[in-house]
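The structure appears below as structure tokens.
There are 2 protein chains.
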Amino acid sequence: MSKQELPVVDVSEGACCAPLAREPLNAAEADELAPLFKAIGDPVRLRLLSLIACHDGGEACVCDLTSAFELTAPTISHHLKVLKQAGLIDSERRGTWVYYWINPQVLQRLSAILGPRQATGLVPA
Amino acid sequence: MSKQELPVVDVSEGACCAPLAREPLNAAEADELAPLFKAIGDPVRLRLLSLIACHDGGEACVCDLTSAFELTAPTISHHLKVLKQAGLIDSERRGTWVYYWINPQVLQRLSAILGPRQATGLVPA
DNA sequence: GCTCTAATTTGACATATGTCTAAGCAGAGC
DNA sequence: GCTCTGCTTAGACATATGTCAAATTAGAGC
Chain L
6 MSKQELPVVD
16 VSEGACCAPL
26 AREPLNAAEA
36 DELAPLFKAI
46 GDPVRLRLLS
56 LIACHDGGEA
66 CVCDLTSAFE
76 LTAPTISHHL
86 KVLKQAGLID
96 SERRGTWVYY
106 WINPQVLQRL
116 SAILGPRQAT
126 GLVPA
Chain A
6 MSKQELPVVD
16 VSEGACCAPL
26 AREPLNAAEA
36 DELAPLFKAI
46 GDPVRLRLLS
56 LIACHDGGEA
66 CVCDLTSAFE
76 LTAPTISHHL
86 KVLKQAGLID
96 SERRGTWVYY
106 WINPQVLQRL
116 SAILGPRQAT
126 GLVPA
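Protein chains in written order, with the working numbering: chain L, 6 to 130; chain A, 6 to 130.
The structure is reproduced here in structure tokens:
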């Protein structure tokens, strides 16, 4: 299955761009957004995300990531899985190695949710 | 041992504005930021934050908040405490009621961390 | 002082989470 | 086919988390 381009949820709807502070999130929006923040609510996963995002070519091999922590490979694998299931990153196997890259749109969306204003053009004033 | 040396980092330093994707977060920065994202990584707390931010006058009484959920008062109180301890909101008692308001700077900072670019003027490039 | 309401704290509980070890799977190279 | 390396899965375990009921604290009004 290709999780690569699946929107997962109707992103274009309510929780897409309107910032938190503009109108109250309803339960459904919150249920959809919270897991994303939860996924980055762990120091290891935050660093993983950052490492992947900053890595040369926009993608990183698991071996690069594992060596940056004092954690076992299964633990890193677990965190990568959490990030991937949240839709924040995606991956592909190439030969022996598995590469991960971030999904910039999701990150951008979260940024917009927290941002003070700017509905990213959805609502034209 | 090499994981973290300082529990709290000076916010004005690295983790202040530079987005995730610009340079890898170090362990200390991640340890400082992750709890903030974790705090909003819960649907109830996300909605609480949004409700408070959107409320008239920029602040909301606990009674207003409690009535928006099908949860007991202690549970709401717990979530508010988590948000407050994370620094996302603040509160004050006025007579019988307790009012909460958000700390916009913290929210803005998180937004900047996730944002694609814009170091908020830190590095001119 | 008494009581009423608003909110928090305490304690309990089931569930979720982060980590590890051990085992399994997938290619590469012999 | 065998083995080696890279990565994931499975299972176990201690700790953290979300929720509630009961008890407690804080003011307001009588």
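By construction, the Cβ of each residue, glycine as well, lies at the ideal position given by its N, Cα and C atoms.
Alpha-carbon to alpha-carbon, residue j and residue i
i, j, result
"arginine 50/L", "leucine 93/A", "21 angstroms"
"serine 82/L", "aspartate 95/L", "13 angstroms"
"threonine 77/L", "histidine 84/L", "11 angstroms"
"serine 55/L", "isoleucine 57/A", "30 angstroms"
"phenylalanine 42/L", "glycine 46/A", "4 angstroms"
"glycine 120/L", "leucine 112/A", "7 angstroms"
"arginine 52/L", "alanine 39/A", "9 angstroms"
"threonine 71/A", "arginine 98/L", "48 angstroms"
"proline 24/L", "glycine 63/A", "15 angstroms"
"aspartate 61/L", "alanine 35/A", "21 angstroms"
Within-8 angstroms CB hit, residue i to chain A
i, result
"leucine 112/L", "yes"
"cysteine 66/L", "no"
"serine 72/L", "no"
"leucine 85/L", "no"
"proline 29/L", "yes"
"proline 79/L", "no"
Residue-chain proximity (residue i, chain L), Cβ-Cβ < 8 angstroms
i, result
"leucine 76/A", "no"
"serine 82/A", "no"
"aspartate 69/A", "no"
"proline 109/A", "yes"
"serine 116/A", "yes"
Cross-strand partners of residue i (DSSP beta bridge)
i, result
"alanine 65/A", "Tyr105/A"
"isoleucine 94/L", "Ile107/L"
"arginine 50/A", "None, per the DSSP bridge assignment."
"arginine 27/L", "BP columns for arginine 27/L are empty, so no partner."
At a cut of 8 angstroms, does the segment 104-123 of chain A reach the segment 65-82 of chain A through at least three beta carbon pairs?
yes
For the segment 48-61 of chain L, which residues have a CB atom closer than 7 angstroms to at least one CB atom of chain A, in sequence order?
Residues passing the 7 angstroms Cβ filter: Pro48, Leu51, Arg52, Leu54, Ser55, Leu56, Ala58, Cys59.
In the segment 88-104 of chain A, which residues sit with their C-beta less than 8 angstroms from some C-beta in chain L, listed in chain order?
none
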